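K.L.:
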Amino acid sequence: MEPTVKSNIKTEEYFINMGPQHPATHGVLRMMLTIDGEIIKNVEPDLGYIHRSIEKMCERDSYQQIVHLTDRMDYLSSHINNEAVCLVVEKALEIDVPERVKVIRTIIGELTRIASHCLWWGVMGMDVGALTTYFYAFRDRELINDIFEETCGARLTMNYNIPGGLMFDIHPNFVKRTKEFIAHFKTKIPEYDRLLKGNVIFQKRTKGIGVLSPEDAISFGASGPVARGSGVNCDIRKIHPYSAYDLVKFEEALQTDGDCLARYKVRIQEMWQSLSIIEQLIDNIPEGDTKVATKAVIKLPKGEYYQRVETARGELGCYVNSTGTKNPYRFKFRSPGLSNLGVINSLATGSKIGDLVAIMATIDIVVPDIDR
Amino acid sequence: MIETIHNWLYSIMPEGAASITEMVLIATAYLALFAIAGLYLVYLERKVAAWFQLRLGPNRVGPFGMFQTMADALKLVSKELTSNDRIDKLLYNLAPYFVIVTALIALAVLPFSEQLQAFDINIGVFFLLAVSSMGVIGILLGGWASNNKYALIGAMRSGIQTISYELSVGLSLLTMVLLTGSLQLSEIIEVQRTGGWLILQGHIPAVIAFMIFMIAGTAETNRAPFDLVEAESELGAGFHTEYSGMKFAYFFLAEFINMFIIASIAVVVFFGGWLSPFGITDDITWFPQMLWFLIKVLGIIFLMMWFRWTFPRLRVDQLLTLEWKYLLPINLVNIVIMAIVIWLNLTL
Amino acid sequence: MSYFSDIYNGIKTLLTGMSVTGGYFIRARKGALTQQYPDNRETLKMFDRFRGEVIMPHDDVNEHRCTGCQKCEIACPNGTIEIIWDRGIDEETGKKKKKIDQHIYHLGMCTMCGLCIEACPTDAIVWAQNYENSVYDRTSLTKVLNQPGSKVKAGIED
Amino acid sequence: MVLMKVKSKKMTNEEIQHIVSSWSDTLTFSEEDSEFLNVEVPVDELHKICSQLKSNSDLKFDYLFCVTGIDWGEDLGVIYHLESTTFRHAIVVKVKTSDRENPTMDSVSDIWYTAELHEMEVYDFFGIKFNNHPNLKRLFLPLEWQGWPLRKDYVDEENMIIK
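Residue numbers (this note's numbering), protein chains in the order written: chain A, 17 to 388; chain B, 7 to 354; chain C, 180 to 337; chain D, 1440 to 1602.
1. Which residues in chain A sit within 7 Å of residue 319(B), going by Cβ to Cβ distance?
2. In this structure, does DSSP put residue 242(C) in helix, strand or coil?
3. Looking at the unbroken beta strand (DSSP E) that takes in residue 275(C), where does it start and where does it end?
4. Within the same chain, show all residues whose beta-carbon is closer than 7 Å to that of residue 173(B), passing over the 5 residues directly before and after it, in chain order.
5. Going by C-alpha to C-alpha distance, which of 315(C), 228(C), 304(C), 292(C) sits closest to residue 237(C)?
6. Taking all protein chains shown into account, decide if residue 46(B) is buried (16 or more other Cβ within 10 angstroms of its Cβ) or exposed.
7. Between the stretch 143-158 of chain A and the stretch 371-385 of chain A, do at least 3 Cβ pairs fall closer than 8 Å?
8. Do residue 325(C) and residue 260(C) have their C-beta atoms within less than 9 Å of each other?
9. DSSP state of residue 1469(D), grouped into three classes?
10. Distance, Cα to Cα, residue 323(C) vs residue 263(C)?
11. Go through the stretch 1519-1595 of chain D residue by residue and report every complete run of the beta strand (DSSP E) that reaches 3 residues or more, in order.
12. Is the beta carbon of residue 290(A) sitting closer than 9 Å to the one on residue 319(A)?
13. In chain order, what residues of the same chain lie with their CB nearer than 8 Å to the CB of residue 357(B), ignoring the 5 residues before and after it?
14. For chain B, find out if any of its Cβ atoms is closer than 9 Å to the Cβ of residue 371(A); answer yes or no.
15. Under 7 Å between beta-carbons, which chain F residues line up against residue 206(A)? List them in chain order, please.
16. Counting beta carbon pairs with one atom in the stretch 274-290 of chain C and one in the stretch 214-222 of chain C, are three or more of them shorter than 8 Å?
17. Give every residue of the same chain whose Cβ lies closer than 7 Å to the Cβ of residue 265(C), excluding the five residues on either side of it in the sequence, and list them in chain order.
18. Assuming residue 104(A) and residue 334(A) make a contact with CB atoms under 8 Å, what is their CB distance in whole Å?
19. Assign residue 288(A) to one of three DSSP states: helix, strand, or coil.
20. Classify residue 387(A) as buried or exposed, calling it buried when 16 or more other Cβ atoms lie within 10 Å of its own Cβ.
21. Which parts of the stretch 260-336 of chain B are runs of the alpha helix (DSSP H), unbroken and 4 residues or longer, counting only runs that do not cross its ends?
22. At what residues does the beta strand (DSSP E) containing residue 267(C) begin and finish?
23. Please name the residue, chosen from 42(A), 51(A), 29(A), that lies closest to residue 361(A) on a Cα-to-Cα basis.
24. Any beta carbon of chain A sitting closer than 9 Å to that of residue 1473(D)?
25. What's the C-alpha gap between residue 373(A) and residue 159(A)?
26. So, with DSSP's three-state summary, where would you put residue 1441(D)?
27. Are the C-beta of residue 61(B) and some C-beta of chain C separated by less than 9 Å?
28. Closer than 8 Å, Cβ to Cβ, to anything on chain A: give me those residues from the stretch 301-329 of chain B, in chain order.
29. Output yes if chain D places a C-beta closer than 9 Å to the C-beta of residue 261(A); else output no.
30. Run through chain D and tell me which residues come within less than 7 Å of residue 253(A), C-beta to C-beta.
31. Going by beta carbon distance, what residues of the same chain come within less than 8 Å of residue 70(A), once the five residues before and after it are set aside?
32. Identify each residue in the stretch 68-85 of chain A for which the Cβ-Cβ distance to at least one residue of chain C is less than 9 Å, and report them in chain order.
33. Note down, in chain order, each residue of its chain lying with its Cβ closer than 6 Å to the Cβ of residue 118(B), except the 5 sequence neighbours on either side.
34. Helix or strand or just coil, what does DSSP make of residue 61(A)?
35. Going by DSSP, name the residue or residues bridged to residue 55(A).
36. According to the Cβ coordinates, are residue 284(A) and residue 205(A) closer than 9 Å?
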């Protein structure tokens, strides 16, 4: 509607670039914002600053080599990415990996999830302005990284899975350290909540901000905590169990509000569930081999294979189209990050710049995962 | 010693020139002292932040890293002053001086002890408020002149923030002025010598006034949780994005000196200035009164640092909600209650 | 009424948060996480499996275990390993046998995936726990793993 | 009512095929070499079939979880992986076009919002143009990039390392 009072003040919409070098974009993501004062009119993500064409590289690499490329996608859930590729190869070759492998994969996968959520919690706090959370979160994440380093040899890009099992057995200290970590971390999650969740400023910054309706969540293809914050059942571990997830009891973390606070709660709840999964498995790691021998050159039978796993960010899909040679004909990663990023415009439009930062933090963007 | 310099100066030059020289000397000494004090506040902030965050803090330069901030300042002095070429040159260069000068002017009236007060005027509180709110002009100039969108958003935020919170700072101090009956800082402290600290004397309204003053004061200095002006996760560096080297250092130092000033006002008005608690050191003549003042100020500063390293940042509209819907009405009611308390001479 | 309970709850939650950070402040001396890195080189031990860089262990008589089968070269996803080999005559049997001239390792291209070490049939290459790999010149990241004059240990077959 | 309830559950591939095949007789179904039911749709019927797949109350394929562009050598194609979040059955929709110069098909981004970003990705790598797409441009690559990198006939001697 035309304003009734005629004004000589000319107002203009403002275009600003948030990123590619910006503290809130967690990497090299560029957000093109159209703003009117503090209010966001439109958000357009500009991607590709670290696109490495992993899918093209997969077409020239052998299946063993593809595994380590996935470390570099969502580097915070690298183990789960590796697992996805191994599972799809095993599915195609009809290999049944030993129980021990499944259980160890599940434990390390859940530890990865906790580590990822830890980092998210720290960064979330930092994005809304509480810098101290970052250090508390990293203190706990460091313990998980130490467990990984002792067993896998690397802290982040572990490449511990190979098609057919694990590269080598777990370290003798693994069980002990993991139990120590669980005991330690159980005392820390309540502290996380005391520091941030209850805080009235944090509540104001997150409650009712960036509300995603369940219908939109599904239509935008959101998955993981973003969709579960809106009450969509989408946990692949429940729907299509893989590895040892059918052996354990856990609850799918669900919240129905769909706002930033709901997504926060989902992740905190998920950390508790992950702890419970690890606790159920850690004392019952079956004895046995840690790998099934595969041929040095793996050739998948002709056909199409699809494997879905639940990373810390949501559903990762691996689509393989094989023509029977040693390289895949087409290898497609359905990364959770790209689909989750799709919701940002509808969530942020109409809110303030500060809200956009909180929304981006709760979507938990990892740019290499979006760009691949 | 001061006496000897005084006499010597008057002996070698005419009276007028000597008096001016003396003023310049005192001012130089004062400013140098506060530049260094400001640097140590930065050091303190870094150490305190580190201890809140399970870190060690600066510990390489000098014992316990004491000279770290000195080294940083030297580095900043020696750095090239860069800027983009579409700035408004005059305003851009003026802004940091505006900020630092207004911060330093306020120091003139602070009563460090009974003797050590450079300028004891009868409208001390009023003067402090007026001067400390002038710094925002520098921030606005800096943000505008930088020709940077982030800087402009930061500057505009600063404008609305300071204008709003100025009211609360003023009204909360006014509540206490009702109790003292004077705006002169030395007088305010004298009142507390007999009646005890004002925060204890004025009872509940005084406590509320103190809380409001702390919140509004933190907002006045643009510190977290009200650091919207330079909210780094939203605006990068906010209004000083385009500043580098010493010009940046002025903004940085001004923030810490402002924090010192706000803490000093709180100490003078609520905690009895340089008076010792319950007069425990009143009989010890050699005990420096200034020490009590500094201890109290550091206590308040620590509280402000504690806020900063614990709380998330408010959003800009919530900042205004807090001021106009909560602090201001409470403040007005508080003044009325205080007036009634004094009128009826009640002790609540 | 909710106006006042909001204020009360707000202040309470803020104080809760402050108690958490305050608690850490008091225990700051004990809990510091900072590692004083260059000063703690003596005590800083990496885990046995830590992937620092690929090395080829040699024994006292300058013999290694690499037969030059090139399996590591094939397994490597990045072309990090290059083997320059030769045919030499085995002194004992008199047969022609493959032997390595240079086992070249480009540390700058290595992603520490461990596939080469998995692929090695004779355990000729292993991980070193070296964690200080930065150099001033990129060319010094290209390393020749077998020492000059070394030869393969007797009895190692692929 | 009872009948409705019985029908609204996870369906087997045969049941899905039965429903979908009644919409058009140009569809080809296969389950060979795949864990899902594959349905190949002609280019001009893609949008119609897709919107029916979503709106049909017994199928309700409301979750598009993967969009894959693929170069079959002769043909360019797109593969849509669909799932129903209520019934948890899945289907794979394949569409092919033999026009390599100017491949065009309809956008499904009005049916599933997620397709917007994924179709941009497909356009970026395969050069398939989507009609009615709100914002079709290069997603990852620079706007001035020449060629479609994930096509099999793409050559870039500078940047591609072929083993």
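Heads up, the beta-carbon is just placed ideally off N, CA and C, and yes, glycines get one too. Bear in mind that the values here come from a model prediction, so they are computed numbers and not experimental data.
P.N.:
Concretely, from the data shown:
1. Counting from 1 along the second sequence, the entry for residue 319(B) is found at position 313. Near residue 319(B) (Cβ distances below 7 Å), the residues of chain A are 144, 145.
2. In the third sequence, residue 242(C) corresponds to position 63, counting from 1. Looking at residue 242(C) - three-state DSSP - the assignment turns out to be strand.
3. For the purposes of this step, residue 275(C) is taken as the residue at position 96 of the third sequence. Counting along the chain, the beta strand (DSSP E) containing residue 275(C) begins and ends at 275-285.
4. The residue you call residue 173(B) lines up with position 167 of the second sequence. So the qualifying residues of the chain are 334.
5. For the purposes of this step, residue 237(C) is taken as residue 58 along the third sequence, with counting starting at 1. Among 315(C), 228(C), 304(C), 292(C), the Cα nearest to that of residue 237(C) is on 304(C).
6. Your numbering for residue 46(B) matches position 40 in the second sequence. Residue 46(B) is exposed by the Cβ-count criterion.
7. yes
8. Your numbering for residue 325(C) matches position 146 in the third sequence. Your numbering for residue 260(C) matches position 81 in the third sequence. In this structure, residue 260(C) does not lie closer than 9 Å to residue 325(C) by Cβ.
9. Numbered from its first residue, the fourth sequence carries residue 1469(D) at position 30. Strand at residue 1469(D).
10. Within the third sequence, numbered from 1, the residue matching residue 323(C) stands at position 144. Within the third sequence, numbered from 1, the residue matching residue 263(C) stands at position 84. When the Cα atoms are used, residue 323(C) and residue 263(C) turn out to be separated by approximately 10 Å.
11. DSSP runs (the beta strand (DSSP E)) wholly in the stretch 1519-1595 of chain D: 1529-1536, 1543-1545, 1568-1570.
12. On the first sequence, residue 290(A) is found 274 positions in, with the first residue counted as 1. On the first sequence, residue 319(A) is found 303 positions in, with the first residue counted as 1. No, the pair does not count as a contact, with Cβ atoms beyond the cut-off.
13. Because chain B here runs from 7 to 354, residue 357(B) falls outside it and cannot be looked at.
14. Locating residue 371(A) in the first sequence gives position 355, counting from the first residue. Yes, residue 371(A) counts as interfacial toward chain B.
15. Going by chain labels, chain F is absent from the structure shown, which instead holds the protein chains A, B, C and D.
16. no
17. Residue mapping note: residue 265(C) aligns to position 86 of the third sequence, counting from 1. Closer than 7 Å at the Cβ level, and outside the excluded window around residue 265(C), lie 278, 280.
18. Here the question's residue 104(A) lines up with position 88 in the first sequence. Here the question's residue 334(A) lines up with position 318 in the first sequence. Residue 104(A) to residue 334(A), Cβ: 5 Å. Contact.
19. The count along the first sequence starts at 1 and reaches residue 288(A) at position 272. Helix.
20. By one-based count along the first sequence, residue 387(A) stands at place 371. By the 10 Å Cβ count, residue 387(A) comes out buried.
21. Within the stretch 260-336 of chain B, the alpha helix (DSSP H) runs of at least 4 residues that lie entirely inside it are, in chain order, 295-314, 322-327.
22. Looking up residue 267(C) in the third sequence gives position 88. Looking at the DSSP string, the run of the beta strand (DSSP E) that includes residue 267(C) is 260-268.
23. Position 345 of the first sequence, counted from the first residue, corresponds to residue 361(A). The candidate whose alpha carbon is nearest that of residue 361(A) is 51(A).
24. Here residue 1473(D) is taken as the residue at index 34 of the fourth sequence, counted from 1. Closer than 9 Å: yes.
25. The residue labelled residue 373(A) in the question sits at position 357 within the first sequence. The residue labelled residue 159(A) in the question sits at position 143 within the first sequence. Distance between the alpha carbons of residue 373(A) and residue 159(A): 28 Å.
26. The count along the fourth sequence starts at 1 and reaches residue 1441(D) at position 2. Residue placement at residue 1441(D) is poorly supported in this model, since its pLDDT is 41, which falls under 50; the coordinates still yield a value, given next. If DSSP states are grouped into helix, strand and coil, residue 1441(D) belongs with the helices.
27. On the second sequence, residue 61(B) is found 55 positions in, with the first residue counted as 1. It does: the Cβ of residue 61(B) has a partner Cβ on chain C nearer than 9 Å.
28. 315, 316, 317, 318, 319, 320, 321, 322, 323, 324
29. Locating residue 261(A) in the first sequence gives position 245, where the first residue counts as 1. Not one chain D Cβ lies under 9 Å of residue 261(A).
30. For the purposes of this step, residue 253(A) is taken as the residue at position 237 of the first sequence. Ordered by position in chain D, no residue passes the 7 Å Cβ test against residue 253(A), which lies about 14 Å from the chain.
31. Locating residue 70(A) in the first sequence gives position 54, where the first residue counts as 1. Hits under 8 Å: 85, 86, 88, 89, 349, 388.
32. 73, 77, 78, 80, 81, 82, 83, 84, 85
33. Sequence index remark: in the second sequence, residue 118(B) carries index 112 (1-based). Closer than 6 Å at the Cβ level, and outside the excluded window around residue 118(B), lie 296, 299.
34. What you label residue 61(A) is simply residue 45 of the first sequence in a count that begins at 1. DSSP places residue 61(A) in strand when its eight states are reduced to three.
35. On the first sequence, position 39 is the one that residue 55(A) refers to. According to DSSP, residue 55(A) bridges with 52(A), 368(A).
36. Residue mapping note: residue 284(A) aligns to position 268 of the first sequence, counting from 1. Residue mapping note: residue 205(A) aligns to position 189 of the first sequence, counting from 1. Yes, these two residues count as a Cβ contact at 9 Å.
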